[in-house]
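Colleague: Residues in the sequence shown are numbered from 100 upward in steps of one, following my numbering.
Just dropping this structure here.
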Amino acid sequence: MSHISRRLEKVFEAVRQWPADRQDAAAEILEQMGALESEPYELSAEERADLQEALDEVRRGELASDEDVAAVFARLGL
């Protein structure tokens with residue numbers, strides 16, 4: 100595909116007016132989307148450790164109660 104849709108072109112026009120840090124954040128998101136199409140995501144060591152800890156907590160039965168979850172949702176207005 101060698102062209103950009105009109106909709107995306109309008110978005111890019113708006114993005115050109117954003118501060119550089121916001122443009123960089125948008126570019127990172129698009130880069131990540133492109134990477135999803137070409138290669139599997141690899142967890143970082145920190146992500147792997149966090150996931151392992153979460154799995155260990157589940158195995159130990161350390162789960163939030165229904166009441167705890169409801170309280171969080173209520174606090175967030177969900």
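All residues carry an ideal CB built from backbone N, CA and C; glycine is no exception.
This structure is a prediction, so every number in the text was calculated from the model and none was measured.
Alpha helix (DSSP H) containing Leu177: first to last residue?
Modeller: No alpha helix (DSSP H) contains Leu177, which DSSP labels as neither H nor E.
Colleague: Once you ignore the five residues that flank Ala125 on each side, which residues in its own chain have a CB closer than 8 angstroms to its CB?
Modeller: Answer for Ala125: Val114 and Trp117, listed in chain order.
Colleague: Just the Cα atoms here: how many angstroms apart are Asp155 and Asp149?
Modeller: For Asp155 and Asp149, the distance between alpha carbons rounds to 10 angstroms.
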